[in-house]
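Numbering (UniProt numbering), first residue to last: 1 to 188.
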């Protein structure tokens, strides 16, 4: 019987250790790898100065042409539109811009019926999880409205596996570019 309990304790200890290692590895790769989505792209901008930033839903993403704006006005432009974006998505983008010291002249936010619904689009919540985990920012945690279970190592990555799971980790590790565009930069 003693050997059985010893075996169970070893399995539990190994599982907890593996959860910590995987959690730190995923966070490191997601945070330090090449940008594969707009949230990661914002974190990589650093002290960059952008004249016009457009935030909104698919209408912004599909209809604002930053290349044309740059060509006509000579000013820098960044399109942060996202499919199915709600009010929380825009707030999250603005908070990230401010937290990562991105300087901007004007932000244009698309207001429509989705502004009546506060919340985050599911993929945005998943993509923001590693950023919140790394920064520990309370405002970002408040926007994501994470349950206490997310404090368990690796739980957040396992829960959001569809969006930030092993495929995304592997694609980031091998520096595979995403097929979606931010201005002239490829991202999703």
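All C-beta atoms in this analysis are idealised placements derived from N, C-alpha and C, irrespective of residue type, glycine included.
Which residue wins for smallest C-alpha separation from residue i, given the options the options?
i           : options             : result
residue 77  : 7, 68 and 29        : 68
residue 120 : 142, 137, 22 and 97 : 142
residue 32  : 52, 50, 172 and 178 : 172
residue 98  : 73, 113, 48 and 82  : 48
residue 104 : 93, 112, 113 and 20 : 93
residue 162 : 124, 135 and 148    : 124
residue 28  : 5, 14, 157 and 178  : 157
residue 112 : 85, 22 and 2        : 85
Determine the DSSP secondary structure at residue i, reduced to helix, strand or coil.
i           : result
residue 178 : coil
residue 185 : With a pLDDT of 45 at residue 185, under the threshold of 50, the modelled position of that residue is not reliable, and the figure given next carries that caveat. Residue 185 falls in the strand class under three-state DSSP.
residue 65  : coil
residue 117 : coil
residue 9   : helix
I believe residue i touches residue j by the beta-carbon criterion, under 8 Å. Please report the beta-carbon distance rounded to the nearest angstrom.
i           : j           : result
residue 55  : residue 109 : 5 Å
residue 50  : residue 102 : 7 Å
residue 83  : residue 58  : 5 Å
residue 127 : residue 37  : 5 Å
residue 43  : residue 131 : 6 Å
Do residue j and residue i have their beta-carbon atoms positioned less than 8 Å apart in this structure?
i           : j           : result
residue 95  : residue 61  : no
residue 117 : residue 87  : yes
residue 152 : residue 129 : no
residue 52  : residue 106 : yes
Practice prompt. Scan the stretch 132 to 170 and note each continuous alpha helix (DSSP H) run of 4 residues or more that stays entirely inside, going in chain order.
Written response: 138 to 144, 155 to 159 and 161 to 164
### Length at least 4, wholly inside the stretch 31 to 100: the alpha helix (DSSP H) runs in chain order
38 to 45, 58 to 63, 66 to 73 and 87 to 99
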